[in-house]
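Chemist: My structure is below; once you've seen it, I'll send some questions.
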Amino acid sequence: MRVSELTTVAWPGPPVQLPATPEAVPAGFPSPALDFVHESINLQEHLIHDPPATFIARVSGDSMTGAGISNGDHLLIRKGTRPRDGDVVVAVLDGQFTVKRLRLTSSGVLLEAANPDYPDIPVPELSELTIWGVAYMCLHSLR
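Residue numbering for the sequence shown follows the working numbering, starting at 391 and increasing by one per position.
Here it is in structure tokens:
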């Protein structure tokens, strides 16, 4: 899976408040109690915790579908976050951007695909690897 577009996060003007349901919406049986909206949510507070370090990347490819990341999705990425084993990262391996799950193993670093049709990428010892940022949320269209 590749990064096809990187964008900085700019939020001009005041925060956007969107209406929210007062409780969780059941995915099972419908609830008549959700007929009235009484709250609002500030998306900026929920999505962007550190604006100068937050970027949005549109991804291409399907190597991360098992992680819930599809072709054309947008990832919210935080630069400057120390990556941990298991994080989905934007990595630059020998000058090429890729989105993979970071695995720190006893035999070295592995960039793991989340689709069995794609091989994992063991990072050779002499390769140049930079973790450009850690993905913390995926904006996934339902259409």
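Built from N, CA and C at the ideal position, the CB exists for glycine as well.
#1: Use the C-beta contact count for D463: other C-beta atoms within 10 angstroms, 16 or more gives buried, fewer gives exposed.
#2: Measuring CB to CB, does A457 end up less than 7 Å from V479?
#3: If you reduce the DSSP assignment to three classes, tell me which class E502 lands in.
#4: Determine the contact status of L500 and D510, defining contact as a CB-CB distance below 7 Å.
#5: When you compare each of G451, L519, G523 to G498 by their alpha carbons, which one comes out closest?
#6: Can you give me the Cβ contacts of Q486 inside the same chain, cut-off strictly under 6 Å, excluding the 5 residues immediately before and after it?
Modeler: Taking the structure as given:
#1: As a first step, residue 463 must be located in the sequence shown, where it is residue number 73. Looking at its Cβ environment, which holds 16 or more other Cβ atoms inside 10 Å, D463 is buried.
#2: Residue numbering aside, residue 457 sits at position 67 when the sequence shown is read from its first letter. Residue numbering aside, residue 479 sits at position 89 when the sequence shown is read from its first letter. No, Cβ-Cβ distance for A457 and V479 is not below 7 Å.
#3: For the purposes of this step, residue 502 is taken as the residue at position 112 of the sequence shown. Looking at E502 - three-state DSSP - the assignment turns out to be strand.
#4: In the sequence shown, the residue the question calls residue 500 occupies position 110. In the sequence shown, the residue the question calls residue 510 occupies position 120. Their beta carbons are under 7 Å apart, which means L500 touches D510 by this criterion.
#5: Locating residue 498 in the sequence shown gives position 108, counting from the first residue. Here the closest residue by C-alpha is L519.
#6: Residue mapping note: residue 486 aligns to position 96 of the sequence shown, counting from 1. Excluding residues within five positions, none has a Cβ falling inside 6 Å.
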